[in-house]
Amino acid sequence: MTAPGSAWPDAPLLFERSRPGRRAGRPPRPDLPLPDLPDGLRRARPPRLPELSEPELVRHFTTLADRTFGVDTGFYPLGSCTMKHNPRVHERLAGLPGFRDLHPHQEDEAAQGALELMFRLQEMLAEVAGLPAVTLQPAAGSQGELTGLMLMRAYFADRGEERDTIITPDTAHGTNPASVTMAGYKLEKVATDARGNLDLDDLRGKVNERTAGLMLTNPSTLGLFDEGIEEVARIFHEAGALLYYDGANLNAVVGISRPGDMGFDIVHYNLHKTFSQPHGGGGPGGGPVAVRETIEPFLPSPTVVREGVAYRLDHDRPKSIGRVRGFAGPFGVFVRSYAFMRAYGPELKEMSEVAVLNANYLLARLKDVYDLPYDRLCTHEFVLSARNLKRGHGVTALDVAKRLMDYGIHPPTIYFPLVVPEALMIEPTETEPKERLDDFVDAMRAIAEEAATSPELLLEAPHGRPVRRLDEVRAAKQAVVRYLFEEHPALVGAD
Amino acid sequence: MTAPGSAWPDAPLLFERSRPGRRAGRPPRPDLPLPDLPDGLRRARPPRLPELSEPELVRHFTTLADRTFGVDTGFYPLGSCTMKHNPRVHERLAGLPGFRDLHPHQEDEAAQGALELMFRLQEMLAEVAGLPAVTLQPAAGSQGELTGLMLMRAYFADRGEERDTIITPDTAHGTNPASVTMAGYKLEKVATDARGNLDLDDLRGKVNERTAGLMLTNPSTLGLFDEGIEEVARIFHEAGALLYYDGANLNAVVGISRPGDMGFDIVHYNLHKTFSQPHGGGGPGGGPVAVRETIEPFLPSPTVVREGVAYRLDHDRPKSIGRVRGFAGPFGVFVRSYAFMRAYGPELKEMSEVAVLNANYLLARLKDVYDLPYDRLCTHEFVLSARNLKRGHGVTALDVAKRLMDYGIHPPTIYFPLVVPEALMIEPTETEPKERLDDFVDAMRAIAEEAATSPELLLEAPHGRPVRRLDEVRAAKQAVVRYLFEEHPALVGAD
Amino acid sequence: MSCGYLSLTDADREEMLAAIGVSSVDELFEQVPPGVRLDRALDLPPALGEADLVRHVEELASRNVHTGAELSFLGAGIYDHYVPSVADVVLSRGEFLTAYTPYQPEMSQGVLQAIFEYQTVICELTGMDVANASGYDGCTVAADACFVVKHAVPGRSKIVLAETLSPQVRQVVKTYAPGFGLEVVEVPHDGGTTDPERIAEAAADAAAVLFQQPNFLGCLEPAPELAHAAADAGALAIAHVDPMTLGVLEAPGEYGCSIALGEGQAAGNWPSYGGPHYGFLAAKSDFVRRMPGRIVGETVDLDGRRAFVLTLQTREQHIRREKATSNITTNQTLLALAGLATLSWLGPDGLREVGEACLALTHYAREQVALEPAFEALSFKEVAFRTPIPAREVVRRARERGVHPGYALGRDYEGMDDVLLVALTEKRTVEDVDRLAEVLAEVCS
Amino acid sequence: MSCGYLSLTDADREEMLAAIGVSSVDELFEQVPPGVRLDRALDLPPALGEADLVRHVEELASRNVHTGAELSFLGAGIYDHYVPSVADVVLSRGEFLTAYTPYQPEMSQGVLQAIFEYQTVICELTGMDVANASGYDGCTVAADACFVVKHAVPGRSKIVLAETLSPQVRQVVKTYAPGFGLEVVEVPHDGGTTDPERIAEAAADAAAVLFQQPNFLGCLEPAPELAHAAADAGALAIAHVDPMTLGVLEAPGEYGCSIALGEGQAAGNWPSYGGPHYGFLAAKSDFVRRMPGRIVGETVDLDGRRAFVLTLQTREQHIRREKATSNITTNQTLLALAGLATLSWLGPDGLREVGEACLALTHYAREQVALEPAFEALSFKEVAFRTPIPAREVVRRARERGVHPGYALGRDYEGMDDVLLVALTEKRTVEDVDRLAEVLAEVCS
Ligand SMILES: Cc1ncc(COP(=O)(O)O)c(C=O)c1O
Ligand SMILES: Cc1ncc(COP(=O)(O)O)c(C=O)c1O
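Chains as they are written, first to last, in this note's numbering: chain B, 1 to 495; chain V, 1001 to 1495; chain U, 2001 to 2445; chain G, 3001 to 3445.
What follows is the structure, given as structure tokens:
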């Protein structure tokens, strides 16, 4: 038991709260005979699911929620993840019985509202990307990437070209190289120049007839718009290669600059970032992909098409790469993103403007106390380095992150991108008011001060959370990844 | 700002979070001309409502929720209030558009489902009370009481009798005497005997031809069933008076003993206690009233009646006392209570059995460390006294209550009933598992121990809440009961 | 255990009985005299598991025609304003839902602070100094106010009600008044509004005058004149107001009222077939120690930190018992907090815009509908039309066409069988009004 | 600000621009080359305030016929099981909704613990040692498993799929396989189930065999024999299972499978027109370091307190990049936690009862419906009937009578245009089945 007076009540596991014979749910039990199941098929030992009454179940999840920090709790400037406010009306809309209880195999004529919503979302997304054709199927950004690479493969195969290499910058998110491998491509890395743009000389030497394409985040993971993007596009297109846009940072440029206009041929969106699907402790997301006309025939099946006043799912796509996910995509996510875009309308650009304004404000107010590796205006996020604190006082980006927790703020992304040592990647998003930004500035400045005067405050942080720092090495070494009941190892105090 | 490392983030007032020109909601604005309003009618200065964006509004209420302890948070044995688990399905059901969006002036034929639910609820409540006629109109227990007293008045007026006195026991809840006054009756108090029953001798001397009736909670606020109830009823009925049953403690006897069978003529239910409407930080509630046939004609108007297969609101009640609330009652509460009773079915008795078992278990495990004024088995709640701790160590019931907070438990009701000094009135309810009861026992025993060994732990408790003990005298003296903007007095640190 | 809301296992039960020292649960009930024990099972319908329960209750709900299922212009006290999704944050949070009255302030700073904010918002809307944490509804707060008045104006025992005050409010006041020793008189309307002169007359020996703005007939009263007529006669002026109009209409506290009260439903609660909603009650500072119900005040804790607490409790039943200012205990906090969330979401501009939308639509309807307005006075949010056939018949016929055209005033007012009261909230559109006009033209011809 | 989701006032904006040292927001975008700037407003439909937005989206929703609006027997991968209200606690709590992947464990002990509990529940259901925190859906986890297999079984590059495995799952595997350098072969069914001998043959040089239990046609496969046929041939056996059947059906880990996976929707997610749902993926301990996606492990903090943390991260893209076991980042945690809440609400007895209800209803339907079952094998939760007219026509006609009778298997299987797949969850009643039988009799005659 936690000590009396702790603000964090105990949180036993569901299995520890379980008592044999207790139960919450009573499913309907039809008064019918039960046919016999053959022996090998019938379950021999019941699964050890937890046995709790409803009151205790509700308390359990309430306790766990209280130990979880979300955007609703406070400022969450997790770079690259766009932790913006999630409008509450979205939950109402996605929960309408006409959506929530709609079976995905329902006949098209009995799902016209859903299909229309998807079709309209496709059109709005196409306008934002500046590319004409959209598939909503991919489940998240990473799957969008993989889908994009598969589209490249299909496109080149259709043209009879053999290309086996994908180029990514050294600032790329880990999913980019991982997707390249999963798609069966080879990876080639290109350097970043002193202003944070792609190094054009390095690039020119690497693009050739084996190059299938580029994967690029723009603005980059440094939060910088690539000033040479037009030249980059020229280099690839001249080599007959394609450009893939990782849309994780689209929040910076909606209505300002469109990937299609920048020269990208394939784009994914992260609906959970830019278009406000709640992140749900890890997901769900949505990763639609937009493409040029030339690539449209290869899009996954089915797509949503309009015929006169009616909408339908089109499964008849002979050149399609096939299906990448079940059904037509994560529909509930579409409801939210559609509602989000409709709430802004043509003024959606303001979203990006404010996101960029908020980030630059933080940058301006912090760059004298933390190192700034690329001294430029940023876009919707920026990367600072704590190397000055490390050099001066022996505290790291991790320590700064942990100390922020004591100020009631979720830490930014740290140690990414890899090209910046002791990186602190900060993305405030557009929904934060100036007061929250100022709180963050005050905390970051106070922490820099503390690093000099009382570094132990950082080194021992956090102080106000339900646990202190964890032994992560031990977690990986012993890999206790499920509860083991009677055989569960006694961790506490041990080792 | 709270100190870094505090588990309780700041909670500024909405008005302090407000910034001129910020706003969340955008109501529809029809494109129509706006007629002029005469000068004296048009608002001169806008109300200073808070101006916040939606993200900050959501955070504000999230922060406030985190500073609020509910049954979902933990054990809440607040005697007399029946803080049981509130099934989550009730929120779904009350939120169905067919209920939530149903206008109370809708024609009866277009509200048949709602009327049927109310009719069925009336019937189920009547069965529980053992009385034939029910009005659902009263908004809470207190209003049920007042309604009951008005019914008495109407009943006697109809019989041409003049009776002006209501008798209540000295253990009565404050609402009983308050209702007596509001109904225009005089109050007469009767004593409690050594076993916690009504003192029959005292009673006999007080009941006469001026007596309109008795108001009694049974089991009493001491958590004891009145063993002389049959004789009590006889005394009143022989004097031509009526018996009113305060249903606050009905949770103890559902399916065990019915007020109507005990001899009561008028009964209120607290739907938010016995039948699980969430208490909502203070309300809403529901206080239906059941009566004998002879009193039925006086029930408030409208009632719900069945005619063949159809249901309707009956407004044609010439002898009715009139209306006590808008419409036919708090319908959303009815949905929840109806669902609650349907989830138990005829086994509803088990609810009371377990409530009584849980209370007796706690009593058995605590009576050696706290004083027990009436040494009997209890019903669904019981009253201990901390006078032994006060005598021995100078700590009071209040100190015990505050220290319980440090153990993550909501204090019981204290200093009530008035007949017990240093009262701790404990009602666990039937939904608590044995582990929570044991936690409470452990905490209460540890506190008794602490009272002896380190009384300052109690005297200075709580230690783990967002605030320490409050200056309540000052609150009442200066009566700052609203935010005053520029003129708001600076309280902090002052005096 | 037969129900998943219960938590004891058979093993728990045995252990607990042993600890108590009894051998069965029945023994615990030996204190109940055999003569009053129920010797049979309750005669209740069979138990339903959650899935079956939902199926059954959904079926009941499906037999109601709600405001989303027809184009509805019903108002008359309960209004179909938009309830914003931020209200869900309040209504769905387990802590708010499952807490009770904040008797222990250290456990309940959140709900206490929210009530303090609610009180402030109500005071701002009404121009008053103090508001309680809520009453049951817009009817009972009127009765509560009469109880305040009874003590605040000694020597007078008459309450004057304008006939244009909501019929249900008047009925509730009349039900309560005898217990308070108060007599009730009603002042009839003149062409839809109340004549200040008649109020002046009636108020001569009255303790208080209650009127409604905008009134039940949809008309704007000469509210300042009514208030002054009352005050000049030595009676307290009490206004029953609609919070959603107070971005546009003057606050009663600014034109001489001592008390303002009303039904809060319009601001943040669903119609819900009549409840639960919240009644609000606010007054000038003179009455602070006579207010009924909970009031939250500001104070400090031992460390000087700002904190909130239930205050002025010597007014209340649990302290003052038969001398209390009211018997209220359980109130409508949760609904009031949904109101707070809603009004904060709107802000001053949003509230004004809602009022303006209602006003503009009302006047558009007055022009578009080819029926004669029943009253000449300016209408706001509701407008009464005279119908060539009984209004109830108009309702019946229009509903067959998917439009609920409003409230038949003959339900409450003698001689108004041919008057239909049409409510217009900001949720109705110009096209909705056009459709109403079309249907009314059809069914009235 | 034009939208209430934004928080800056004009004054804020001015102060902030000054602090940055620019005079306008446009200046911030000078880094965007003029050639790629959009020089017009986006062509998007007009902005809607919340009330208008709700009205518009409700109108769209109303044009769908959902499972509550007709009596539906649709399944074929997505099932109308009861989603208990405790799932709402997870889905409506702001903290769960608005948190992301728990990179900072001290901020996220709640969601980490819940994932750990979810992993345990999945392992218990499937008889496995490790489960990840979720994959996108029941299709993509099958592709993920192929990527595990590619590395786990060196020298073999063939994947065998039973034709009775869900068509969508097979399609997704086929889309992914070329990138992995894997070849896919399919084994046709014999009378609705898969012949272990044919699996033995196909598995001879295969890395893995995937089959489904109960299979897509509603039939119970001889799963242990299939698993053993695969394993004996040196291939890994992978079972695609339905969590709601695993209270009654044996756990794949008990009959020789190395990996178990499936679509989680049936346990705790609404149909939602196909998503978002969650895919689960579990394996024997040999594969723990090849698992894709997030995995939560137990550890201690500095004070020795138990705590949870994302672990084995060297498998993942953000550490291993092109050598990662998968590219997955965002997953389906929220939906998986709704699954956890649902399965915990059921408990072992409830889960068994759900399975028994489905089984009993399936067999009742098989008897009651006057159509010939398409396959002799034992059916579970779904049963296929042969129809005298095309099944799609049966669907069309039955829907006109308010009954959606099921899935026309001809959509996926050649030669099955006259086969109708009827799904029976515990939400259907005996009367529902009687009604189905009646309607099918009508429309098939
Ligand atoms: C730059 C970048 N690319 C790709 C991804 C992958 O997107 P998702 O998490 O939606 O799979 C992310 C985020 O996680 C990202 O930040
Ligand atoms: C014994 C008793 N009587 C009456 C009441 C008043 O009931 P209510 O709060 O529903 O008005 C209460 C509870 O507050 C009570 O405990």
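Where is the CB? At the ideal position from N, CA and C, for every residue including glycine.
Source: prediction; values computed, not measured.
Would you say residue i reaches chain U, if we count a Cβ-Cβ gap shorter than 8 Å as a contact?
i, result
"V:Asp1101", "yes"
"G:Lys3381", "no"
"V:His1380", "no"
"G:Ser3002", "no"
Can you confirm whether residue i, when its beta carbon is compared against all beta carbons of chain G, has any partner nearer than 8 Å?
i, result
"B:Glu350", "yes"
For ligand 1, any of its heavy atoms closer than 7 Å to the Cβ of residue i?
i, result
"B:Cys378", "no"
"B:Asp226", "no"
"B:Asp246", "yes"
"B:Asn218", "no"
"G:Cys3123", "no"
"G:Ala3336", "no"
"B:Thr221", "yes"
8 Å is my cut-off, CB to CB: does residue i come that close to chain B?
i, result
"U:Ala2370", "no"
"V:Tyr1407", "yes"
"U:Tyr2082", "no"
"G:Ile3159", "no"
"G:Gln3212", "no"
"U:Val2209", "no"
Cutting at 7 Å between CB atoms, please list the residues of its own chain near residue i, excluding the five before and the five after it.
i, result
"B:Ala24", "Leu52, Ser53, Glu54, Leu57"
"U:Asp2205", "Arg2156, Lys2158"
"G:Ala3338", "Ala3087, Val3090, Leu3091, Gly3268, Asn3269"
Could one say the Cβ of residue i lies closer than 8 Å to chain V's Cβ atoms, at least one of them?
i, result
"G:Ala3061", "no"
Given residue i, which residues of its chain have a CB within under 8 Å of its CB, disregarding the five upstream and five downstream residues?
i, result
"U:Ser2023", "Leu2017"
"B:Val356", "Ala252, Cys378, Thr379, His380"
Looking at residue i and ligand 2, is the gap between the Cβ and the nearest heavy atom below 7 Å?
i, result
"G:Cys3003", "no"
"V:Asn1270", "yes"
"V:Ser1080", "yes"
(Q) If we require 4 or more residues per run, which alpha helix (DSSP H) segments fall completely within the segment 1088 to 1172 of chain V? (A) 1089 to 1094, 1097 to 1100, 1112 to 1129, 1141 to 1159, all fully within the segment 1088 to 1172 of chain V.
Q | Segments of 4+ residues assigned as alpha helix (DSSP H) that fall wholly inside the segment 3073 to 3104 of chain G | A | 3086 to 3092, 3094 to 3098
Q: Could you please tell me which residues of the segment 1386 to 1416 of chain V, in chain order, have their CB closer than 8 Å to any CB of chain U?
A: Ala1401, Lys1402, Met1405, His1410, Pro1411, Thr1413, Phe1416
Q. Residue ranges of each beta strand (DSSP E) run of no fewer than 3 residues wholly in the segment 366 to 413 of chain B, ordered along the chain?
A. 382 to 385
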